[in-house]
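Going down the list, the sequences are from chains A and B. Per our numbering, residue 1430 is the first one in the first sequence, and the count goes up by one each step. Per our numbering, residue 1430 is the first one in the second sequence, and the count goes up by one each step. A virtual CB, placed ideally from N, CA and C, is assigned to each residue, including glycine. Fair warning: this is a prediction, and the values are worked out from it, not measured in the lab. For reference, the structure is listed below as structure tokens.
Number of protein chains: 2
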Amino acid sequence: MSQLKESTMLTAAEAEVMNIVWDVGDVTISDIVERLPRSLAYTTVMTTTRILEEKGYVKKSGKRGRAFVYEPRVGRDAARGSMSHEVARRLFGGSMKSLVLNLVHDDAIGADDLAELKQMIESLEASK
Amino acid sequence: MSQLKESTMLTAAEAEVMNIVWDVGDVTISDIVERLPRSLAYTTVMTTTRILEEKGYVKKSGKRGRAFVYEPRVGRDAARGSMSHEVARRLFGGSMKSLVLNLVHDDAIGADDLAELKQMIESLEASK
DNA sequence: CCCCAAATACTAAGAGGTTAGTACAAACCC
DNA sequence: GGGTTTGTACTAACCTCTTAGTATTTGGGG
């Protein structure tokens, strides 16, 4: 039951903003500008945030002083799942399983992380 | 040592073409048009293929009749890795491990697939 | 050898994203 | 209360992607 439309990829700039919104929770535009790792014009961040609002990723939740306060409307995990799913659709024949198997098979994951992953699978299996 | 530039995401249309190039190997534009699941103008496919060539994903490898033959210049796995990495960068703090753990933790992967994944990890661990 | 179907080259419109400037409004400070 | 600051609204330029049309070339069949 996702709020996301189909094929909703967060672009690089949008993701930068969303990560701050998810981290902080209730943010004004200047909160975002302050926390961004690179320097962007206030109005630039406004535009990106407006786009995120149009896409349904954030919503206004009142004001702080004169400034609008924004909060996430889509959770981080939902966005992660949606984006991963889109990648699976484009390059893995739509199969999330293929995506995961490919990531694990390649050297992208270290040996100790592999052990952690196995651990997680086992505890997942146990809990079902 | 990837041939890919930074932040190289294959767009939806580009991925559609690349999947055919990877599947078939040596293709002309009309080969691609024929195999595409949706109907696109010949010139549309030409444009997308030209972009893919500019991006370094395909290259011309001679001619068949009057038509240029294209072949992949970047392998499927390289593109998959690069795209996954970009998603990790945008939404998972750059960590491929987080990406994988998140996919496994969510319901995106079925129970039997989980078993298969565990199997793969074990054989990977054994071979190291 | 000449014509035509097929391919290419060139051009373009429209959508969306990134970046930012300008103009206006409101609040705050002295 | 009047100017400075801070926020918003509007606009815009530029880029890339998607889609496709037009004009031109070329190679193969009769």
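Counting contacts by CB-CB distance shorter than 8 Å, is residue 1481 of chain B in contact with chain A?
By this cut-off, residue 1481 of chain B is not an interface position.
Since residue 1538 of chain A contacts residue 1547 of chain B with CB under 8 Å, what's their CB separation in whole angstroms?
Contact doesn't hold; Cβ gap of about 14 Å is too wide.
Under a Cβ-count criterion, where at least 16 other Cβ atoms within 10 Å of its own Cβ denotes burial, should residue 1471 of chain B be classed as buried or exposed?
Burial call: exposed.
Between the alpha carbons of residue 1454 of chain A and residue 1442 of chain B, how many angstroms are there, rounded?
Approximately 35 Å between the Cα atoms of the pair.
Helix, strand or coil: which one does DSSP assign to residue 1499 of chain A?
Note: residue 1499 of chain A maps to strand in three-state DSSP.
For residue 1437 of chain A and residue 1499 of chain B, the rounded distance between their alpha carbons
Spanning the two alpha carbons is a distance of roughly 30 Å.
What does a CB cutoff of less than 6 Å around residue 1528 of chain A pick up in its chain, not counting 5 residues either side in sequence?
Scanning its chain for C-beta atoms nearer than 6 Å, with the 5 sequence neighbours on each side dropped, one finds around residue 1528 of chain A the residues 1517, 1521, in chain order.
Distance CB(residue 1462 of chain B)-CB(residue 1450 of chain B) smaller than 8 Å
8 Å or more divides the Cβ of residue 1462 of chain B from the Cβ of residue 1450 of chain B.
Separation of residue 1504 of chain B from residue 1541 of chain A, as counted between CA atoms
Computed Cα separation, rounded: 28 Å.
Extent of the continuous alpha helix (DSSP H) run through residue 1552 of chain B:
Where residue 1552 of chain B is concerned, the enclosing alpha helix (DSSP H) stretches over 1540 to 1556.
Over what stretch of residues does the beta strand (DSSP E) that includes residue 1490 of chain B continue unbroken?
1487 to 1493 is the span of the beta strand (DSSP E), which, as asked, contains residue 1490 of chain B.
Give the straight-line distance between the Cα atoms of residue 1524 of chain B and residue 1531 of chain A, rounded to the nearest whole angstrom.
Their backbone Cα atoms lie some 15 Å apart in a straight line.
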